[in-house]
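Just below is one structure, and these are the notes that go with it.
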Amino acid sequence: MGGICMKKVIYLSIFMVGLLGLSLFSSSSYGANTIKIGIVDTYSGPPATMSQDVLDGFKMVVNEINAKGGILGKKIEFVTRDEKFKPDVGLAMAKELVLKENVDLLMGTISSSTALAVSDFARKEKIPFLVTNSRTEKITGEKGHRYVFGIAENTAMAGRAAAYALSKKPFMKYWIAGDDYEYGHSIAENVWNNLKALKPGVQLLEQTWWKVGESDFTPYITQIMSAKPDFLIAATGGATMVTFAKAAKATGLVARVPIYQHTVIDYGVLGPLGADGPEGVYGTAPYLFYYPDTPANKAYVEEFRKVYGRYPQMFALFGYSAGRLIEKGFQKAGAVDKEKFINALEGMVIDSPVGKLEMRACDHQLQLPMMFGVVKKSPNFKDFLVASDIMMVPSKDFMPTCEEVLKTRKN
Amino acid sequence: MDLIYTIFSPKLMSQIFVGLSRTVILFIVASGLSLILGVLRIPNIWHGSLYMVGAFMTFTISGAIGGGSLGFWMALFLAPLGVAFVSLIAERSFFQHLYEREHIMLLLLTFAFSLVFGDLVKMVWGMEYKSVPVPRVFQGSVHLFGGLPFPLYNVFLLGIGPIVAVALWLIVNKTKIGKISRAAAVDREMVGAVGINVSWVFAFVFMIGCLLAGLGGALVAPTVNVSLGMDHTLIMEAFLIVIIGGLGNIWGALLGALIFGLAQSLGILIWPQFGIVFPYAAVIVVLLLRPTGLLKSTW
Amino acid sequence: MLKNTSGGNGRIVGGAVIVLLFLLPLFLPRFYIYLISIILLTGLLATSLNLPLGYGGIFQFHHAVFYGVGAYAAALMITKSGLSPWVGFVVGPFAAAFLSLIMGLICIRLSKLYFGMLQISLGSLVWIIVYRWYSFTGGDNGIHGIPVPEIISSQNNAYYFTLLVTLLSLWALYKIINSPFGSALQGIRDNPVRSGMIGINVKLHQLMVLVIAGFFAGVAGSLFIVVDTAVFPDMLFWTLSLEVLIMCLLGGWFTFLGPMLGAAVIISLRTFVSGFTDYWTLPLGILMMLVIFFLPNGILGYIQDKLYGKIAEQAEAVEQTDLAQPAVKES
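Protein chains in written order, with my numbering: chain A, 1 to 411; chain B, 412 to 710; chain C, 711 to 1041.
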């Protein structure tokens, strides 16, 4: 490489070494006496509120565990990394957490793309990865393996639960619309295929797909309304739901056509909307802070409110479950050993605000129940709407069987 | 007669009207961007952040004044002014020192600001979704074209659009400072040579442009999820509109926004899955046919 | 890039640095090897952008498209065709170069800002196609678990491969810039009218630059697959194009190694600041502001300025090629 000036190269090298040296100061020195957990998630942009909810639920459990002296005498330390919804950044951060910070366990992320990439990495590095928020069924399905665990409900589960409930309703002519990305299509497909299996007479009129982050739904809604379907399955992601609800109300869609949306009854959606909430819309969610009204749930909500000053959304349950799984998993394993931890998690049952939850051994998917309800005003809450006429569908009624899931994996 | 009826079917007319109301927000934001790019030669990436800040400020102000209709109107008035104020401070402290530098450096600076503000908004307002209620007088919809609903708030937007356009045109073409700005866009040395303080002219134009971004954000707030990430949604579309319209040209921004918005609504009718492609295709066609933009630019 | 007379000394130090880079895996922890791999390929991407941008004066605003297309072409070739992955790694850059040719032919009639905006529009169309065609491209999930040849699959070997390919590519780019073609290119950048008058086919030169730049962007894309075994639609999005542009400007777009330095700074900052706080874009923004105000020619430009002062002349020449030119150029 002739012709390059000597001093420039020297300066360049010094600069680079200096930057690398910086990292020595940024590396966190945790004692050998802790269990270290690395969390990669998106804490910026529209998904941030959901990821923060997961973290809050998790932190609550961690603080409780550490107050009691930790697990096996070791306290839990966790570090978070914000991938800003960029999968290449998320993957790099996961690698940093494992290779540099030497975490014992990985957790994350709301981005399905990152989750799948990190899952692949976790398999190669043989480190457990708890997927707390990604909803793609591929995590424990097609791309499942020994080292990855699914905690959030996935689209296969949600779709089936919704189909189960919808099959009991009289609607026949359906329209499907939603966010044009994998999550949207997956939810819609799962709802539709299962519905058709349960009720063969249903008819699909048409499908409409808009870009993720669409802000103006009126053109799409008018198109749908002019076709006059009996029912609309709206496969929207969390961030879009608030905007869609507003458009649906403003155009009068809500009054004319019954709609179903997964997670629309979550407090994270109905809370911000306040009185503007979409009354009459059907929805599913794995957790509602006001139902079931059990002592366990009440205690959880009260604790959450005391610490964070707000009601928990459904995502906090995932963080909470992750915390409990970690606690009981290491306890049962008897050591901070990754393989023993995984063995311990398979088939493990934890206590939660919604009852006992089992981490299914065959596919590593947490068996959550699903609430199905319709959005209505409530006498108990003045500031926002809630789900009512709630049907709690137990997981065994809608989860895909072990055979079905394992068949999707290429072994 | 039948042919005319099928061409101008209710569905089509409805889509057109909806497309028009969508363009209003695009136009307002793009016109601000066009002014800044046309007169100051700054590709203002920070514009998106200011749009977002406008929406968030609307949320806070309307919430502080009780959240009802009065709150919204006050916010609509105050939020853009707040944004303009912030932009003025930024311009006087940072931007004005770079006018002699390459424009690509100014682009970088606006990008740096958008990075900083992205995090600032998160720190100040937090992560949860926020919602601004539609003022009572505009709730509900009116039924045009075969009973298809057209939200009253969109009617309001359709009314605001021309008002803003005319107001801008008056400022730029009929006021003294407007004329000076246009002159400075073409030849700033000359304007300085006749004794006018070009620096403050630029500050004024920058402020107006940013105020428009804030106004766009305030107007869109009742219809969308006010959340982080709003700064990225509009900025690319706004730039494209400015380019096809002609830099610094208000009517160009309007025309560009119309093309963009209508292309999208009609595209949805024709090919629902790939409706998003139509506006970009329209931009490409315009750029190939009239590279400097449809209307006269100030460059 | 101005030829320097201290060639002899430069060779020795350059050689030492290269040897050092090859020895790194012996004493650096695994994570840093991974990080440096990423920096190398991103730096290559930035350098390939600087060919049209800094040396050609072309407003290449959506360079990431070629990176992403190169990566996707390679990934699809590997996962769908059943041929050896090496075929995929070769197909990637050529696919990127081909796209660059097509887009170049469409965009070349415009200049400056309008060229950039047209490129963004076309590039966005490509992104939309990749993003929405899940059955083929994996849609928003991207493609994961791409099989990589045994010999370069371990992290160290992936690093060596990346290092080797990057060095070869940089060498090739350097040779191009210092060839008669490169001089003609810079002449076109500084004064297209005069260059045309002395018989240089301006458009053809620019088109060739775009194709070369696209090719090496595709190489960077293939390298990404070697290091991370995945591709994501983000790789084609305009925000990445903007980031790569910033790497060039931050590092110094009048210098050859500036973009590489810019890549190193931004990636290191992103990685290490995350260790302290989740708000890592804020320090990046502030760093950018500092560089813009105090280091106008980028970091490396500043360093060279201090040493030689020649960079200021170079900078002035480039300044004339800026946004102030008429939009539609004469042919």
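Don't be surprised by glycine CBs; every beta carbon is placed ideally from N, CA and C.
Coarse secondary structure for residue i, derived from DSSP in three states
i, result
"G638(B)", "Residue identity differs from the one stated: residue 638(B) is Ser in this sequence, not Gly. Correct three-state label for S638(B): coil."
"P353(A)", "coil"
"K585(B)", "helix"
"W580(B)", "helix"
"K707(B)", "coil"
"E77(A)", "strand"
"Q365(A)", "strand"
"F289(A)", "coil"
"D389(A)", "strand"
"T208(A)", "strand"
"I711(B)", "No information on residue 711(B) is available, as it lies outside the stretch 412 to 710 that chain B covers here."
"P312(A)", "coil"
"I37(A)", "strand"
"K422(B)", "helix"
"I4(A)", "Residue confidence is low: I4(A) scores 43 on pLDDT, short of 50, so the model does not pin down where it sits. No coordinate-derived value is stated."
"K541(B)", "strand"
"I853(C)", "strand"
"A234(A)", "strand"
"K415(A)", "It is not possible to answer for residue 415(A), since the shown part of chain A is limited to 1 through 411."
"S215(A)", "coil"
"F149(A)", "strand"
"Y181(A)", "coil"
"V375(A)", "strand"
"Y869(C)", "helix"
Same chain, Cβ closer than 6 angstroms to residue i, neighbours up to 5 away in sequence not counted
i, result
"F171(A)", "D230, F231"
"T715(C)", "Note that T715(C) has pLDDT 39, beneath the 50 cutoff, so the model's placement of it is unreliable and the number below is only indicative. Closer than 6 angstroms at the Cβ level, and outside the excluded window around T715(C), lies no residue."
"T434(B)", "A668, L669, G672"
"A296(A)", "P353"
"L166(A)", "L195"
"S113(A)", "P87"
"P258(A)", "F231"
"F846(C)", "none"
Cut-off 7 angstroms between Cβ atoms - residues of its own chain near residue i, not counting five sequence neighbours on either side
i, result
"A227(A)", "W175, L205, E206"
"A756(C)", "V954, M957, C958, P969, M970, G972, A973"
"L366(A)", "G150, I151, S321, L357, M359"
"D397(A)", "Y164"
Beta-carbon neighbours of residue i, restricted to chain A and to distances below 9 angstroms
i, result
"P560(B)", "T218, I221, T222, M225, A250, T251, G252, L253, R256"
"Y564(B)", "A250"
Presumed contact (8 angstroms Cβ cut-off) between residue i and residue j, rounded CB distance
i, j, result
"M50(A)", "I110(A)", "6 angstroms"
"L872(C)", "L933(C)", "The sequence given here has Thr at residue 872(C), not Leu. Yes, T872(C) and L933(C) are in contact; Cβ-Cβ is about 5 angstroms, under 8 angstroms."
"G778(C)", "G802(C)", "G778(C) to G802(C), Cβ: 10 angstroms. No contact."
"L698(B)", "L820(C)", "7 angstroms"
"G268(A)", "A234(A)", "Not really, about 16 angstroms apart at Cβ, beyond 8 angstroms."
"L517(B)", "M998(C)", "So it is not a contact: roughly 12 angstroms between Cβ atoms."
Proximal chain B residues relative to residue i, where beta-carbon distance stays under 9 angstroms
i, result
"L946(C)", "The contacting residues do not exist; L946(C) stays about 13 angstroms from chain B at best."
Own chain partners of residue i with C-beta closer than 8 angstroms, once the 5 adjacent residues on each side are dropped
i, result
"L559(B)", "P421, K422, S425"
"R443(A)", "In the structure as shown, chain A starts at 1 and stops at 411, and residue 443(A) therefore has no counterpart that could be examined."
Beta-carbon neighbours of residue i, restricted to chain C and to distances below 7 angstroms
i, result
"Y181(A)", "G849, D850"
Within chain B, partners of residue i - CB distance below 7 angstroms
i, result
"L959(C)", "I515, L519"
"A276(A)", "This sequence places Asp at residue 276(A); Ala is not what is there. Per Cβ cutoff of 7 angstroms: S542, P544."
Chain B contact residues for residue i, given Cβ-Cβ distances below 8 angstroms
i, result
"M998(C)", "L519, L520, F522, A523, L526"
"I956(C)", "L519, F522"
Below-9 angstroms beta-carbon distance, residue i vs any chain E residue
i, result
"L745(C)", "The displayed structure is made up of protein chains A, B and C, and chain E is not among them."
Within chain A, the residues that residue i reaches when beta carbons sit closer than 8 angstroms
i, result
"T789(C)", "Simply none; closest approach about 12 angstroms."
Within chain C, partners of residue i - CB distance below 8 angstroms
i, result
"M353(B)", "Residue 353(B) is absent from the model: chain B starts at 412 and stops at 710."
### Message
Short of 8 angstroms Cβ to Cβ, which residues in the region 756 to 782 of chain C face chain A?
### Response
none
### Query
What residues in the region 820 to 839 of chain C have a beta carbon less than 8 angstroms from any beta carbon of chain B?
L820, L823, Y824, M827, L828, I830, S831, L832, S834, L835, I838
### Task
Could you run through the region 105 to 135 of chain A and flag, in chain order, every residue whose CB is less than 7 angstroms away from some CB of chain C?
S112, S113, L116, A117, D120
### Task
May I ask you to list, following chain order, the residues of the region 38 to 49 of chain A that have a beta carbon less than 7 angstroms from some beta carbon of chain C?
So the list reads Y43, given in the order they occur along the chain.
### Query
Given a limit of 9 angstroms on CB to CB distance, which residues of the region 616 to 640 of chain B reach chain A?
For the region 616 to 640 of chain B, the set of positions with a beta-carbon nearer than 9 angstroms to some beta-carbon of chain A reads V631, P633, T634, V635, N636, V637, S638, L639, G640 in chain order.
### Query
Which residues, taken in chain order from the region 225 to 244 of chain A, show a beta carbon closer than 7 angstroms to some beta carbon of chain B?
For the region 225 to 244 of chain A, which is checked against every Cβ of chain B, the residues closer than 7 angstroms are M225, S226, A239, V242, T243.
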